[in-house]
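The next block holds one structure in the form of structure tokens; read it before the comments.
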Amino acid sequence: MIRRDIRRGTVFTRRALLVGGAQTLLLGGLAARLRQVQVEEGSRYATLAEDNRVTARFTAPQRGRVLDRFGAQVAGSLINWRALLVTEQTVDVGRSLDNFSAIVPLTDAERARIDRDLRHGKSFIPILIKEYLSRDAMTKIEVNAPDLPGILVDAGTSRTYNYPYELAHILGYVAPPNESDMDGDPLTALPGVKVGRAGIEKFHDLALRGHPGVVHLEVNAVGRVIRELDRTDGLNGDDIGLAFDVGLQLAVQKRLGDDAASAVVLDCRNGEIMAMVSNPSFDPTLFATGVSQAQWKEWTKDRRTPLINKATSGLYAPGSTFKMAVALAGLDAKAISFHDRLNCPGHLDLGTSRFHCWNKAGHGSLDLHQALKYSCDVYFYQVALRTGIDRISAMAHRLGMGTELDIDIPGQRVGQVPTRDWRLSKGHPWELGDTVVSGIGQGYIVVSPLQLATYAARIATGRAVQPHFTRRIAGAMQPGSQPEDWPDLAVPEPMLQAVRSGMFAVVNEAGGTAPRARLAGPAHLAGKTGSSQVRRVSRKQRESGTFDSKNLPWEFRPHALFVAYAPYEQPRYALSVVVEHGNAGGTAAAPLARDIMAEVLRRDPASRQDDEPAQVADAKS
Amino acid sequence: MIEQRLWLKSPHDLTGKIFRINWLFVLLLCALATVGYVALYSAADGSPEPYATRHIVRFAFGLLLMICIALVDIRVIARFSWIAYAVGVALLILVLKVGHVGKGAQRWLELGGQQIQPSELMKLGLILALAAWFHRANWERIGNPLFLLPPLIAVLVPVALILKEPNLGTAMITMMLGGMLFFAAGVRWWKFVLVLVPVPFAAHYVYQHLHDYQRARIDTFMNPESDPLGAGYNIIQSKIALGSGGMWGKGFLQGTQGHLDFLPEKQTDFIFTMIGEEFGLVGAIAVITLLILITWGALLIGLRCKHQYGRLVAFGIACNFFFYCFVNIAMVMGVIPVGGVPLPLISHGGSAMITMMVAFGILMSVQVHRDVEFANSDND
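Protein chains in written order, with this note's numbering: chain A, 450 to 1070; chain B, 121 to 500.
Here it is in structure tokens:
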């Protein structure tokens, strides 16, 4: 009995020692492993630990507003109330969502998207349930908060345009940044941030963006915020004050109607753009929500090209509106004088070619004033021949045509007023015939409506103004709003005056080509018509006697152009109007120019007291 | 009848008993609890609240409880072995019926404002019951498979109940604890081999029936880097914290990972990581050494005991303590899957502390009553 118990005791002792030894070895093994982790791989983990701790998270600033001359907002930020779901804060996600949809209905598609997000998301990263909530819906959500565990309401921002369709070409639009926008600005990496894609939004993108705030957070490796360490508030984007009058803009837009037409109105003393319309336009807010295939097709198939800002990117042969440039070039080169009279027999023969005047009967003998008034082609053929293309193009460039302008929206097309060298560079010699047609703004010459308006403004004031929108940034006046900010055009005043009086005659004297542009009131408008051929008219057609461009298919009809400024005696506003395929400038464009100029003078935005910086600040708060 | 009365009579008076308590062992426990105080002070960002004070108060209470139990005759305790076991099983059944659900498992019982985890009481009950059973067994009966059947069932019933909670880790620890007692009681080697052969098949079967979160734990354990933001997160963070501690540690209260809350459950399951980060390899190995000393202390108490019941109880308690320590440390180092096992006397948590101190009380009773006359029934 005793022996048995001793046997049992020795077995226990043996086995207990065995187990104890094994346990010691196992814990020793852990210690060895610990040595490996802590000492041999220690530095690697130390680096990881440092990475672990603090992360900088940027808070998106509010994008600056865009205001018109009088402080009226044309682009702003709308608070976008969103309902978010944090799944870890609710026991029953389905119940929370059911209760939510009882208050704010969710479509099946929204529900499906939420389910998809739920499957892929982490439990502490909020999932968007619904955005653009109404005030009413928000109130209901707040009131029912106890029934909606895990659901919270959050304020984001979205861009809003007060006149999306009317100002699309000026303001452009915003869109989520793509890779080429990732310019190192940390802002572009923020969720929900959008960058300017066109127009003012793009040109002033950096100012409008503002600076992101930085919040240093302690987070764990899953990005879950543990606590906030410090916070630097961001700076909201600057408000951009534009020179234009939104009321005028809308009026011009309305007057141009649905035709493919554009108009630019400048303050001719400083180049501020009072209105810039390119019809038809488009609604850029559709880009934010996604443009349907059908809508995109409609825009791109429309021959009136709604997506293109014709005012800056449409190029047209200036036609007869170019004649002032030819005249000034001729006068400046002393190829003609004010009173030189040239004969117009209805055509000009050059070698075997015959160049017609629009008036087949001819204008007889006329001086510069009369030549402009009647828009005699043959007179300007001869001036062009006397002056030479290089001097004409130099003068045209000086007047703002065929040259890059300092316009503050992207996308302008420069067009061209050719030189001999340009033609040679294309492998052809310049021919005299090319000079002849250049005298009436045809041939290789193409310019934009913006250039035409600039051209009119420079003739009117003799200053090399540049067209621009920007008047204030964050309330501060920008240079360029005073006439003295702009250099002299360096064209002698008498020459300019000669051309101006010709433009006066076009509208206001008997026999002028644009009596329809005459203003009803006391003020006088000086202007010039133009027709820009889009297809060469053959001699056969011309001699058949029945040719009338009105009978051509729409896309072959010439464009109708008109440039003008007013008042004649004290020039204040310059404009250009281009009606695509509108036939003759005198009939299609001149009445538009008259009505627009009447509206401009009635409103007279440049003379009205605009907002003081203080008021901008007030409006901001 | 006479013998019955005889073995109840203690050979020692109260003073003698107090002198027979292994005070060196108590000192080791105090050292461990002090490590716990320091670590919990740090876990609360350098504050005794809310963990450290409560921890040390609980330990003081546990120490008192332990000494009281140590003075109770081991033969009296032995009488309650199966009752303790039955209470443990009853609580496990109760927890399945009314238990508090935490992290996808029913493990906790609310008892007078205190949450208790019946599986911890169960392990102690199982040790006592198996010790009582094998105490009766002489060398011949140990070889009889029929004699081994009841204790086998006694192991499998709580294991099955714990699995149903479900708590795979504790179930496996309970199973191994039972196996260790079988082994110490003298069950033949080949019988263990016989039982262990079907284990891989059983493991496969169990894996198939695991909960997703349990399977994720095992899968993540196999390759923690595969899902650094998901289930592998705890292990990776723990390793980062340990590794960044280096040889000498970042210093008391200087650990970044723990204080920046990268460390999950730093006051409970991952307290060892906290120690490793702040006190480095040196501190961690010091703690491991302390744990080895305590394990050996318990084993030595068993080795010096003259009766089988005391030997087995001491051995079982030593093994139980070892399992806690090994599983916890191996877990935070990513050596075995995360199991929700606290580090004894260091981790914050009331029920584990009290259970552990009760176990040490019984252990100390074995120490005090190591040479009492405690005959097994076969010797009658």
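We put the beta carbon where it would ideally sit given N, CA and C, even for glycine. Model, not experiment: these values are computed from the prediction.
Interface partners of residue i on chain A, CB under 7 Å
i	result
Arg431 of chain B	Phe461
Ile412 of chain B	Thr473 and Leu476
Leu423 of chain B	Thr462 and Ala465
Phe312 of chain B	Those do not exist, as Phe312 of chain B stays about 11 Å from chain A at its closest Cβ, beyond 7 Å.
Endpoints, the alpha helix (DSSP H) within which residue i is located
i	result
Gly298 of chain B	Leu288 to Ala305
Asn957 of chain A	Glu942 to Asn957
Tyr904 of chain A	Pro898 to Thr910
Ser762 of chain A	Lys759 to Ser762
Gly75 of chain B	Any property of residue 75 of chain B remains undetermined from this structure, which presents chain B solely from 121 to 500.
Arg796 of chain A	According to the sequence as given, residue 796 of chain A is His; it is not Arg. Unbroken run through His796 of chain A is the beta strand (DSSP E), His796 to Leu799; no alpha helix (DSSP H).
Gly779 of chain A	Lys772 to Asp781
Tyr157 of chain B	Trp143 to Ala163
Ala843 of chain A	Ile838 to Arg847
In DSSP terms, what residue i is bridged to
i	result
Ile722 of chain A	A:Leu715
Ile576 of chain A	A:Leu534
Lys977 of chain A	A:Val1012
Met926 of chain A	A:Arg921
Phe829 of chain A	Answer is none; Phe829 of chain A lacks a bridge partner.
Asn728 of chain A	A:Ala710
Ala480 of chain A	None; Ala480 of chain A has no bridge partner.
Coil, strand or helix - residue i by DSSP
i	result
Cys503 of chain B	As shown, chain B starts at 121 and ends at 500. That puts residue 503 of chain B outside it, with no answer to give.
Phe693 of chain A	coil
Ile528 of chain A	strand
Gln861 of chain A	coil
Tyr494 of chain A	helix
Gly543 of chain A	helix
Ile414 of chain B	helix
Asp566 of chain A	helix
Glu880 of chain A	coil
Thr135 of chain B	helix
Gly605 of chain A	strand
Arg704 of chain A	helix
Arg967 of chain A	coil
Glu747 of chain A	helix
Ser485 of chain B	helix
Ala624 of chain A	strand
Ser1025 of chain A	strand
Under 9 Å from the C-beta of residue i: neighbouring residues of chain B
i	result
Leu475 of chain A	Phe442, Phe446 and Ala450
Ala692 of chain A	Within 9 Å Cβ-Cβ: nothing; Ala692 of chain A doesn't reach chain B, min ~53 Å.
Cross-chain neighbours of residue i in chain A, by beta carbon under 9 Å
i	result
Trp416 of chain B	Gly469, Gln472 and Thr473
Val455 of chain B	Gly478, Leu479 and Arg482
Gln428 of chain B	Asp454, Arg457, Gly458 and Phe461
Gly306 of chain B	Arg456, Arg457, Val460, Phe461 and Arg464
Amino acids of chain B, ordered along the chain, whose beta-carbon sits closer than 7 Å to that of residue i
i	result
Ala480 of chain A	Ile405 and Ile408
Arg568 of chain A	Within 7 Å Cβ-Cβ: nothing; Arg568 of chain A doesn't reach chain B, min ~14 Å.
Val486 of chain A	Lys359, Leu362, Gly363 and Met453
Glu490 of chain A	Gly363
Proximity of residue i and residue j at Cβ, strictly below 8 Å
i	j	result
Val146 of chain B	Ser485 of chain B	no
Leu465 of chain B	Gly469 of chain A	no
Val488 of chain B	Arg140 of chain B	yes
Pro625 of chain A	Pro510 of chain A	no
Val523 of chain A	Tyr581 of chain A	no
Gly481 of chain B	Cys188 of chain B	yes
Leu1010 of chain A	Ser1056 of chain A	no
Phe399 of chain B	Thr415 of chain B	no
Ala521 of chain A	Val695 of chain A	yes
Below-8 Å beta-carbon distance, residue i vs any chain C residue
i	result
Ala561 of chain A	Included in the structure are the protein chains A and B, with no chain C among them.
Range of the contiguous beta strand (DSSP E) that encloses residue i
i	result
Ser874 of chain A	No beta strand (DSSP E) contains Ser874 of chain A, which is instead part of the alpha helix (DSSP H) from Arg869 to Ser874.
His805 of chain A	Ser802 to His805
Gly961 of chain A	Where Gly961 of chain A is concerned, there is no enclosing beta strand (DSSP E), given that its DSSP letter is neither H nor E.
Leu268 of chain B	That residue, Leu268 of chain B, is in no beta strand (DSSP E); its alpha helix (DSSP H) goes Pro265 to Lys284.
Contact set between residue i and chain B, taken where Cβ atoms lie within less than 8 Å
i	result
Ala495 of chain A	Gly363, Ser364 and Gly366
Closer than 8 Å at the beta carbon, the chain A residues around residue i
i	result
Gly289 of chain B	None at all; the shortest Cβ gap to chain A is about 16 Å.
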